[in-house]
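Here's the structure we're looking at; comments come further down.
Numbering (the numbering used here), first residue to last: 543 to 583.
Here's what the structure looks like:
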């Protein structure tokens, strides 16, 4: 049972770290773009 629980923890940790990295990189790239070029705002 602990192996299954541990793999869930590892999976969610990896997905969470990847999502956090993508958001952080996106915000850093958004800082390099002028506001009038941000068509999504």
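All C-beta atoms, glycine included, are put in the ideal place defined by N, C-alpha and C.
Residues near residue i in its chain [Cβ-Cβ closer than 8 Å; skip 5 each side]
i	result
residue 569	none
residue 572	580
Exercise for the section: Could you tell me which uninterrupted alpha helix (DSSP H) segments, each at least 4 residues in length, are contained entirely in the stretch 544–579, listed from first to last along the chain? Expected result: DSSP runs (the alpha helix (DSSP H)) wholly in the stretch 544–579: 544–573.
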